[in-house]
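Input: a single structure, listed below in structure tokens.
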Amino acid sequence: MRAILFGGGLSLLISLLGTRYAIRFFTRQGFGQPIRDDGPTTHHIKRGTPTMGGAVVVLATVVGYFAAKVITGQAPTASALLLLFLLVGLGVVGFLDDFLKVSRQHSTGLRSRAKMIGQTVVALVFGFLALSPALEDERGWRPASDHISFIRDYERFALPAVLGLLLVWFIVTGFSNAVNLADGLDGLATGASILIFAAYTLVNIWQNSQSCALEAGPKCYEVRDPLDLAVIAAALTGACFGFLWWNASPAQIILGDTGSLALGGAMAGFAIMTRTEMLLLVIGGLFVVITLSVMIQVSVFKVSRASGLFRSIFKVQPGHRVFRMTPLHHHFEMLGWEQVTIVIRFWIVTGLAVATGLGIFYAEWVAGIG
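Following this line, the structure appears as structure tokens:
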């Protein structure tokens, strides 16, 4: 437990102080955020705001974790090292995207195919190692399992190795892109991430106290290294808190793809390693809804242009748009909502989603021992 406190506190301090120097450094280097021309006009005032701030969040998390392990005299576990690999690996992919944007001073960085290749490589390496028998502990538990999970593994839904790896890829790439889509307003993705990582800190602490390794009862959890995962979750929570001080409206620095891809990937990693893959859809419900808004908008737009039958059934014109603009937060901007209002209300939605997810998690355990 001391490692959790040290990890969270040190990451908070490093992020809070480090972001201040990152703002100065990125400003001197001219690493300002380019703004897409087809976005809301109110965003043009953000042009030139330092970006790639997610690098500080990633660095603070890694340093905070290892410092906590040194202070407490504990060795890193395989699960924690894999999760840090996922965090850093996707951060590197995002950094390349951000760097190309600022060097070209254009809102496009890596081509979508190149970005997906980078995410895929990181996700597959993570998945292969997490599912590998080589990383089994003395109980035969691996960092990840080949079962579909909600609160815990569904024993009836064991997947072949290839499908298990594909599931890991889908969750990692899906959620890293979901957080990337949400990173469009000052503090939105960072604040929502704080609540989700705080939730996973609690989930991992509870799984540790009710671990099957402790013979904790019929509803114990077969999760490898939950307490060490809690250290990283606390470190991420602290790092995001420190960064939010500078990222809140009006933002002095932007998270960038460096941070959004890394944070989304970390959320996916926690869900996979804690056997709560589908529960992430509840806890991270805000990011799911934002992603769905984009998918709906694109799908309806294309189908309404291509299909006369669709237009006649739904009484729409070619190129129909369900929302005024996507992702979803831009729709509310176009309706006249203030950015701060949107961010706070989306934080509230995330808080409700997190509370619901934790309630489901705990209720399942209570029902199982009743």
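Numbering-wise (our numbering), the sequence shown opens with residue 1412 and increments by one. From the three backbone atoms N, C-alpha and C, an ideal C-beta is built for every residue, glycine too.
Hey, could you find the ends of the alpha helix (DSSP H) residue i is sitting in?
i: His1741; result: 1739–1745
i: Phe1506; result: 1489–1515
i: Val1709; result: 1696–1717
i: Leu1542; result: Neither: Leu1542 is in no alpha helix (DSSP H) and is coded neither H nor E.
i: Trp1656; result: 1637–1658
For residue i, which residues does DSSP report across the bridge?
i: His1558; result: Ala1569
i: Ser1587; result: According to DSSP, Ser1587 bridges with nothing at all.
i: Tyr1632; result: Ser1622
Can you tell me whether DSSP reads residue i as helix, strand or coil?
i: Ser1426; result: helix
i: Asp1564; result: strand
i: Ser1620; result: helix
i: Arg1522; result: coil
i: Gly1551; result: coil
i: Gln1530; result: helix
i: Gly1730; result: coil
i: Gln1663; result: coil
i: Met1412; result: coil
i: Met1736; result: coil
i: His1455; result: The pLDDT assigned to His1455 is 49, lower than 50, so where the model puts this residue is not dependable; a value taken from the coordinates is nonetheless given after this. Helix at His1455.
i: Thr1767; result: helix
i: Thr1687; result: coil
i: Glu1749; result: coil
i: Asp1668; result: helix
i: Ala1478; result: helix
i: Ala1774; result: helix
i: Arg1431; result: helix
i: Ala1486; result: coil
i: Phe1470; result: First, the residue type needs correcting, since residue 1470 is Leu and not Phe in the sequence shown. Note: Leu1470 maps to helix in three-state DSSP.
i: Gly1598; result: coil
i: Val1754; result: helix
Measure the beta-carbon distance from residue i to residue j and round it to whole angstroms, keeping in mind my assumption that it falls under 8 Å.
i: Thr1531; j: Thr1584; result: 7 Å
i: Ala1650; j: Leu1423; result: 7 Å
i: Ala1603; j: Leu1697; result: 6 Å
i: Trp1657; j: Ile1434; result: 7 Å
i: His1731; j: Ser1715; result: 4 Å
i: Asn1615; j: Leu1638; result: 7 Å
i: Ala1646; j: Gly1419; result: 6 Å
i: Phe1586; j: Gly1502; result: Rounded, the Cβ-Cβ distance is 14 Å, inconsistent with contact.
i: His1740; j: Phe1712; result: Not really, about 19 Å apart at Cβ, beyond 8 Å.
i: Val1642; j: Ala1414; result: 5 Å
i: Val1468; j: Ala1610; result: In fact, because the Cβ distance is near 18 Å, the residues do not count as touching under 8 Å.
i: Ala1489; j: Leu1570; result: With a Cβ gap of about 21 Å, Ala1489 and Leu1570 do not count as contacting.
Would you say residue i faces chain B, with C-beta separation under 8 Å as the test?
i: Gly1649; result: Any reference to chain B falls outside this structure, which holds one protein chain only.
Quiz item: Do the region 1657–1670 and the region 1504–1523 make contact, defined as three or more Cβ pairs closer than 8 Å?
Solution: yes
Practice problem: Give a yes or no on contact between the region 1590–1607 and the region 1561–1581, applying the rule of three or more CB pairs nearer than 8 Å. | Solution: no
Quiz item: Are there three or more Cβ pairs, one per stretch, closer than 8 Å when the region 1424–1443 is compared with the region 1629–1641?
Solution: no
Quiz item: Any chance the region 1484–1496 sits against the region 1534–1542, with 3 or more Cβ pairs inside 8 Å?
Solution: yes
Quiz item: Looking at C-beta atoms only, is the number of pairs between the region 1589–1599 and the region 1746–1761 that lie closer than 8 Å three or more?
Solution: yes
Quiz item: Is it a yes or a no for the region 1681–1689 touching the region 1554–1567, going by three-plus beta-carbon pairs under 8 Å?
Solution: yes
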